[in-house]
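A.B. asks:
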Amino acid sequence: MKISDDSPPVLTALDRPNSYIGRSVPRPNLHRLTQGRGQYVSDVTLPRMAHVAYVRSPHAHAEIKSIATNAAKKAPGVIAVVTGAELAKVMTPWVGVLTHLKGLKSAPQYPIAVERACWQGEAVCAIVARTRAQAEDAAELIDIAYRPLPAVTDAETALDAATPTIHASLGDNLCFERKLEVGAPDKAFAEADAVVETTFVFGRHTGVTTEPRAVVADWNEGERRLTVYQATQAPHMMQNLFAKHLDLAEHQVRVLTKDVGGSFGIKVHTYADEMATVALSKLLKRPVKFVADRIESFVTDIHARDHRIKAKIGVNKDGSIAAFEIDDLTGIGPYSVYPRTSGIEANQVVNLIGGPYTCGNYRARARVVFQNKNVMCQYRAVGHPIAVAVTEGLVELAAAKIGMDPLEIRRRNLIADEAYPYTSAAGLKFEKLSHHESLAHLDSLMNYAALRAEQKKLREKGVYRGLGFASFIEVTNPSAAFYGVGGARISSQDGATVKLDAQGALIVASGVSEQGQGAESVIAQCVASAFGIGIDRVRVTMGDTDNTPYGGGTWASRAAGIGGEAAWQAGKALRANVLAVAASVLQAKPEALDIRSGVVVDAANGAERLPLEELARIVYFRPDTLPAGIQPELIATRHYVPRAWPFAFTNGVQASYLEVDPDTGFVKLLKHWCVEDCGTIINPQLVDEQIRGGVVQGIGAALFEQCLYDERGQMLNGNMADYLVPMAAEMPDIECGHVVSPTADSELGAKGAGEAGTAGAPACVMNAINDALRPLGAQPLTDMPFTPGKILRALGKV
Amino acid sequence: MTAQSLDISLTVNGDAVSDRVEARKTLVDFLREDLALTGSHVGCEHGVCGACTVRVDGEIVRGCLMLAVQCDGATVQTIEGLSDSGELADLQAAFEQRNALQCGYCTPGMLAAAQDLLRKGGVPSRDAIREHISGNYCRCTGYHAIVDAIEAVAQERTKVRAGDKP
Amino acid sequence: MKPAPFAYAKARSLDEAIALLGEHKDARLLAGGQSLIATLNMRLSSPSLLIDINGVGGCDGIALKAGMVEIGALTRHAAAERSETVARHAPLIAKAMPHIGHVAIRNRGTIGGSIAFADPAAELPACLLALGGEVEALGPKGKRTIKADDLFKGLFETALGPQDVLTAIRVPAADKNARYGFAEFARRHGDYAIVGLAAGARAEGKALTDVRLAFFGVGATPLRAKKSEAALAKGDVEAAVAALDVEPQDDVQATGAVKKHLAGVLLRRVARQLMEPRA
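Residue numbers (the working numbering), protein chains in the order written: chain H, 1 to 798; chain V, 1001 to 1166; chain R, 2001 to 2279.
#1: For Asp-546(H) and Ala-1023(V), I'd like the C-alpha separation in whole angstroms.
#2: Among Ser-510(H), Val-619(H), Leu-612(H) and Leu-284(H), which one has its Cα closest to the Cα of Arg-537(H)?
#3: Among Asp-1148(V), Asn-1136(V) and Gly-1163(V), whose alpha-carbon lies nearest the alpha-carbon of Cys-1044(V)?
#4: Would you call Arg-622(H) buried or exposed, if buried means 16 or more other Cβ atoms sit within 10 Å of its Cβ?
#5: For Gly-1039(V), which residues from the same chain have a beta carbon less than 7 Å from its beta carbon, with the 5 sequence-adjacent residues on both sides left out?
#6: Nearest to Ile-2062(R) by alpha carbon, out of Ser-2048(R), Ile-2051(R) and Ala-2087(R)?
#7: Give every residue of the same chain whose Cβ lies closer than 7 Å to the Cβ of Leu-1970(R), excluding the five residues on either side of it in the sequence, and list them in chain order.
#8: I'd like to know if Val-799(H) contacts chain R, where contact means its C-beta is closer than 8 Å to some C-beta of that chain.
#9: State the start and end residues of the unbroken beta strand (DSSP E) segment that holds Gly-314(H).
#10: For Glu-591(H), does the three-state DSSP call read helix, strand or coil?
#11: Between the Cα of Ala-113(H) and the Cα atoms of Gly-103(H), Lys-105(H) and Val-124(H), which residue gives the shortest distance?
#12: For a cutoff of 8 Å on Cβ pairs, would you count Ala-2104(R) as touching chain V?
#13: Using 8 Å as the Cβ pair cut-off and three pairs as the minimum, do the region 259-266 of chain H and the region 287-295 of chain H touch?
#14: Please decide whether Arg-2108(R) counts as near chain V, where near means a Cβ-Cβ distance under 8 Å.
#15: Less than 8 Å between the beta carbons of Ile-2105(R) and Arg-1062(V), yes or no?
#16: Please confirm if Glu-86(H) has its CB atom under 8 Å from at least one CB of chain R.
#17: For Ala-2116(R), decide whether its Cβ has a neighbour in chain H, counting only Cβ atoms nearer than 8 Å.
#18: Between Ile-295(H) and chain R, is the shortest Cβ-Cβ distance under 8 Å, so that the two count as touching?
#19: Distance, Cα to Cα, Cys-118(H) vs Ala-192(H)?
#20: For Glu-705(H) versus Gly-121(H), is the C-beta spacing smaller than 8 Å?
#21: If you draw a straight line from the C-alpha of Phe-370(H) to the C-alpha of Asp-172(H), how long is it?
#22: Given Phe-2156(R), which residues of its chain have a CB within under 6 Å of its CB, disregarding the five upstream and five downstream residues?
#23: From Val-278(H), Ala-272(H), Thr-391(H) and Asn-351(H), pick the residue whose C-alpha is nearest to that of Val-315(H); which is it?
#24: Do the region 22-39 of chain H and the region 1091-1111 of chain V make contact, defined as three or more Cβ pairs closer than 8 Å?
#25: Please classify Arg-2144(R): does DSSP put it in a helix, a strand, or coil?
#26: In the DSSP output, what is Asn-651(H) paired with across the bridge?
#27: To the nearest angstrom, how far is the alpha carbon of Met-446(H) from that of Ile-734(H)?
#28: Between which residues of its own chain and Leu-283(H) is the CB-CB distance below 6 Å, once the five residues before and five after are set aside?
#29: Kindly list the residues whose CB is nearer than 7 Å to the CB of Tyr-640(H), restricted to its own chain and excluding five residues on each side of it in sequence; keep chain order.
#30: Can you check which of these residues, Lys-373(H), Ile-321(H), Asn-361(H) and Ala-217(H), is closest to His-874(H) by C-alpha distance?
#31: Return helix, strand or coil for Glu-633(H), following the three-state DSSP convention.
#32: Rounded to the nearest angstrom, what separates Tyr-110(H) and Leu-792(H) at their Cα positions?
#33: With 8 Å as the C-beta to C-beta threshold (strictly closer), list the residues of the region 2033-2055 of chain R near chain V in chain order.
#34: What residues from chain H crowd round Leu-2262(R), counting only those whose CB sits closer than 7 Å?
#35: Nearest-angstrom Cα distance between His-59(H) and Asp-306(H)?
#36: Please list the residues of the region 1118-1131 of chain V that have a C-beta atom closer than 7 Å to any C-beta atom in chain H, keeping them in chain order.
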């Protein structure tokens, strides 16, 4: 329908009176958190609950010859001492492979190591006691005879013939390999005016969630039911896995997730020690609690981002990018993590390189190799920080080589905002991105020209400041293309049930979950807006597989886009149900009525006709007064799955302004900006805060964080003093801007926003450091984290 | 006179508490396990992350680096007590308004540190705020909103003290 | 982790603490506990007995006595940070205090504990060395004084005996000719320094005498760079840097070469502070 200028604008489904869509509403669950009245798993106590401590292998690779448990069994408070062999009779092992990553292979992993420990920190024996302290006391009495085996600790040589194979059954240490070639890269490089080649290294790092991993498993022998309190991002996934490996039906398992003290992907994976805890509960027929302490967290929480990438960019004098090429080597642990596999990050890197740009010539190879170090798997922004740092690092090196401004080279190569739908060289399908608009917005937001002028002036005084940028695309709202097609029982759809209670308030149950990003609030805002009620009368429950619709949980930035859409649709459906009843009570047509601020009103003029409390009273207590034949239904469930696009890609651009002290190599972060486009913004404040938190996590990767290992596979800095996480005094203020390109795949049009900050920050900090040091003739730095020592070496001072 | 377990008497959030504790039990574990005051959190047990920060005899301390037995005769205030007394009301409101907390795990310690700074009066600079909370690890927020919240409360309190209408 | 079991005794006097140390060979003194309890929580040490000396009176005063600033060993870092006497008469220590951990740590940690624990990357042992101070210790044979130059023996090792209790530190009170300088490099505020320098000197007209440059984070103990001290006394900063003979080891934060380079940078910066007249 053509809309002429003098007609009133057509209201979209989102233009509801008093809509919460686009409003920064404070999250309803914050009161309990600021009062210290949250309920984290480590707060849970149950009758007869016992505590488990794990004895962990001190060796990176060793045969377990014998475990003497008698002394430990007699220690005060000890209930049981259980070895891997004993627990293997209760719980089956698992293999972290999916069929869509062709050739991905891994060996079976047991809840407690059987016969062989494959990384320093792997659990080799469980002590269950009345208190954690008693379990640890008894652990000191366990006597294990190990025969140390050669440890594979260098990814570069992991595939050499001379290197021992960690799992003989696999034949070699290759977990997964992917190759891709598009266009004519060789020709393009040969014809390019300039080629820049370098090697990027990304230090292995880890999540360091403020709340360590924790689980309370409660096998009730009388009910033959397992209840697991777990800080997980995916309750239904875990329900399936616990059932599968304990030979139970899913309906015998309930997973409960209340407050989670940060996750960022760390708590979406399956951990041997958590599975073991669950198996112990079944074995011992009583609740068992496991809380990882910080020391064991460093050697058992998944690590991430250990990549070495040889990379090449071909560029012409006019700034056009001719070709990209990468060779990625990533060293994981001895097992591909279950069930999402440890091949996904490398796969993402291959997919995402060059993503924002029109360049059609691309070659990539990625190899994922096993090592005797802690396991590695998906962590916030999976693969993006690496792909973006490589791409954006190459782009700025290319710009410097041809003497072009870094924003200008981007303008000449970013996919045009009008070019959509568009398929990238790597085969990614983009519905609608806004690279140019975002870049223009960033330019003005940061006042780029003024900062360049300031940089120039200060250089003359011997003060070296740098500006660095990163354009990026981000995977959100994943379909089954991510995991389901490979055979994983990880749901890509989601659901919400909304019901009207007897007082006219809304109770919502959602299949996505909360770890602090504000999913609970987003769901409430969607329901309240779709239905027509004040948000103070909406209560959301999540994280209960017994009482929520089947869902996927919260990961890959899917809560708002997928969970929110299900909640929106459920709110609409309940509104229709309520209006059907109201219409019959009021002798009106349902289409002439609406619900606004919790009251049924005349749609035309907003005149109040029937409060919801009254409608509820009639339906629940006086249905005898309803017209004949009416069967009211004051509950509605809707599910939503994205159908048109395998992923809802978002885009953005970030900038970092910093100062490098060339005498010390120390970097001072002055300011950071991010302009991003996540489609319809449901709660602007929550989006900004996700960006900020994500940026700081990315800064951690760029400057501070690295899991250091020696050649024997011993982690050298697994504590909070030596592993450096970003703290407040070193972090900059972060300014956020937005562009809105809604997706048409849902009515809300919301894409995800949770990972964009982390995706771009390491790249632009790297680029800013190199920009700062360029006049000093330093070799460009491409080896993260950029410690003072690396900067001093690049400057030739050490 | 040495003992592995001792009787202690202390005041926690205004309540008189008497208990027998193992010498090795840290203050934060005593609060969480013996008194079920789970608002103080354990994040590292090495005194670095700040999640266990509580107030003992009027000063903020790391609950993981004090033993419960050292608190015999002491006055302890945890987040529950500081919250219920209303002392933190404006800080809590500001944190909630600005989403200066996401997962909430660092928040009790962060609020204690913030209140410790603001008790001194005046409006600290953003850098001074950052320095004061530099011992409280937050992985979720990136600190910007926390600094905003503390700065806003400092300004409000200063106005109120100066007698201006808010 | 949870600590291994231990017994606990609250000492009512220093003599009682010393007697208990004599009876129990693997007992440890508990003062601030900010280092000790962290190591117990990691089961890096498992003493059979903790002797709590926090209740011993008379050990936490700060006073100006006969040209010295005397700080009782049980003085909390926070109290020293707030002290007017320290600010005016021991400004080097005042300058170092905000770098020690964070507020919650400083509320419990003690001056004496920091000196006795002797972490090579800690600020206060280096300050004591830079000021040419001394400590007072009480042991089974009575009181004795140990000069800073004789105190720090090795990694976490001092000249204090197994039954000694450090009772006070003393540093010369700063007069108008006293100069001091302090700087450290740490990746994050409050971290142990990668490398740091506490320095003291006297100004006689334009020249510096009695230069004491105490580096921390460069070896097993705080170390005086004596050759550099001599060069600085001649007024030659570059010669002082060239003469710097610290040989730090590699560690997880930085290589020895980086630390040595940073030590040189610190020296230039602190030399400027020493050469400026006091405000």
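Every residue, glycine too, gets a C-beta built ideally from N, C-alpha and C.
C.D. replies: To lay it out plainly:
#1: For the purposes of this step, residue 546(H) is identified with residue 546 of the first sequence, where counting begins at 1. For the purposes of this step, residue 1023(V) is identified with residue 23 of the second sequence, where counting begins at 1. If you take the alpha carbons of Asp-546(H) and Ala-1023(V), they lie about 42 Å apart.
#2: On the first sequence, position 537 is the one that residue 537(H) refers to. Ranking Ser-510(H), Val-619(H), Leu-612(H) and Leu-284(H) by Cα distance to Arg-537(H) puts Leu-612(H) first.
#3: Within the second sequence, numbered from 1, the residue matching residue 1044(V) stands at position 44. When only C-alpha atoms are compared, the closest one is Asn-1136(V).
#4: Residue numbering aside, residue 622(H) sits at position 622 when the first sequence is read from its first letter. Exposed is the call here.
#5: Translated into the one-based positions of the second sequence, residue 1039(V) becomes position 39. Closer than 7 Å at the Cβ level, and outside the excluded window around Gly-1039(V), lie Thr-1078, Ile-1079, Glu-1080 and Pro-1108.
#6: Working through the third sequence from its first residue, we reach residue 2062(R) at position 62. It is Ala-2087(R) whose Cα lies nearest to the Cα of Ile-2062(R).
#7: Chain R is shown from 2001 up to 2279; residue 1970(R) falls before or after that span and cannot be answered.
#8: A query on residue 799(H) cannot be resolved here, the shown segment of chain H reaching from 1 to 798 and no further.
#9: Taking the first residue of the first sequence as position 1, residue 314(H) is located at position 314. 307-315 is the extent of the beta strand (DSSP E) around Gly-314(H).
#10: Counting from one through the first sequence, the residue named residue 591(H) turns up at place 591. Residue state, collapsed to three classes: helix.
#11: Here residue 113(H) corresponds to residue number 113 of the first sequence, with the count starting at 1. Selected option, being the one with the closest Cα: Val-124(H).
#12: Locating residue 2104(R) in the third sequence gives position 104, counting from the first residue. Chain V, which has a Cβ nearer than 8 Å to the Cβ of Ala-2104(R), makes this yes.
#13: Contact fails: fewer than three Cβ-Cβ distances are below 8 Å.
#14: Against the third sequence, residue 2108(R) aligns to sequence position 108. So yes, Arg-2108(R) belongs to the interface.
#15: Translated into the one-based positions of the third sequence, residue 2105(R) becomes position 105. Translated into the one-based positions of the second sequence, residue 1062(V) becomes position 62. Taking 8 Å as the Cβ cut-off, Ile-2105(R) and Arg-1062(V) qualify as a contacting pair.
#16: Taking the first sequence and counting its residues from 1, the one referred to as residue 86(H) is at position 86. No, Glu-86(H) lies away from the interface with chain R (no Cβ there is under 8 Å from its Cβ).
#17: The sequence position of residue 2116(R) within the third sequence is 116, counting from 1. It does not: the Cβ of Ala-2116(R) has no partner Cβ on chain H nearer than 8 Å.
#18: For this step, residue 295(H) is matched to residue 295 along the first sequence. Yes, Ile-295(H) lies at the interface with chain R (some Cβ there is under 8 Å from its Cβ).
#19: On the first sequence, residue 118(H) is found 118 positions in, with the first residue counted as 1. On the first sequence, residue 192(H) is found 192 positions in, with the first residue counted as 1. Looking at the two C-alpha atoms, the distance is approximately 47 Å.
#20: Taking the first sequence and counting its residues from 1, one reaches residue 705(H) at position 705. Taking the first sequence and counting its residues from 1, one reaches residue 121(H) at position 121. For the pair Glu-705(H) and Gly-121(H), the CB atoms are not nearer than the 8 Å cut-off.
#21: Mapped onto the first sequence, residue 370(H) falls at position 370. Mapped onto the first sequence, residue 172(H) falls at position 172. About 9 Å.
#22: Here residue 2156(R) corresponds to residue number 156 of the third sequence, with the count starting at 1. Here the set comprises Ala-2118.
#23: As a position in the first sequence, residue 315(H) is number 315, starting the count at 1. If we check each option's Cα against that of Val-315(H), Thr-391(H) comes out closest.
#24: yes
#25: Taking the third sequence and counting its residues from 1, the one referred to as residue 2144(R) is at position 144. Of the three classes helix, strand and coil, the one that applies to Arg-2144(R) here is strand, per DSSP.
#26: Indexing the first sequence from 1 puts residue 651(H) at position 651. When beta bridges are read from the DSSP output, Asn-651(H) appears opposite Ile-473(H) and Asp-677(H).
#27: Numbered from 1 along the first sequence, position 446 holds the residue referred to as residue 446(H). Numbered from 1 along the first sequence, position 734 holds the residue referred to as residue 734(H). Roughly 11 Å between the two C-alpha positions.
#28: Numbered from its first residue, the first sequence carries residue 283(H) at position 283. Contacts found: Val-90.
#29: Looking up residue 640(H) in the first sequence gives position 640. Same-chain partners within the cutoff: Gln-493, Asp-494, Ile-562, Glu-565, Ala-566, Gln-569 and Ser-746.
#30: For chain H, the structure presents residues 1 to 798; residue 874(H) sits outside this window and is missing.
#31: Stepping through the first sequence from its first residue, residue 633(H) is reached at position 633. Glu-633(H): coil per DSSP, three-state reduction.
#32: Position 110 of the first sequence, counting from 1, holds the residue named residue 110(H). Position 792 of the first sequence, counting from 1, holds the residue named residue 792(H). Our two residues, Tyr-110(H) and Leu-792(H), have alpha carbons roughly 45 Å apart in a direct line.
#33: Gly-2033, Gln-2034, Ile-2037, Ala-2038, Leu-2040, Asn-2041, Met-2042, Leu-2049, Leu-2050, Asp-2052 and Asn-2054
#34: Counting from 1 along the third sequence, the entry for residue 2262(R) is found at position 262. Those are Thr-664, listed as they occur along chain H.
#35: For the purposes of this step, residue 59(H) is taken as residue 59 along the first sequence, with counting starting at 1. For the purposes of this step, residue 306(H) is taken as residue 306 along the first sequence, with counting starting at 1. Distance between the alpha carbons of His-59(H) and Asp-306(H) is about 21 Å.
#36: Listed by position, the residues of the region 1118-1131 of chain V near chain H (Cβ gap below 7 Å) are Arg-1130 and Glu-1131.
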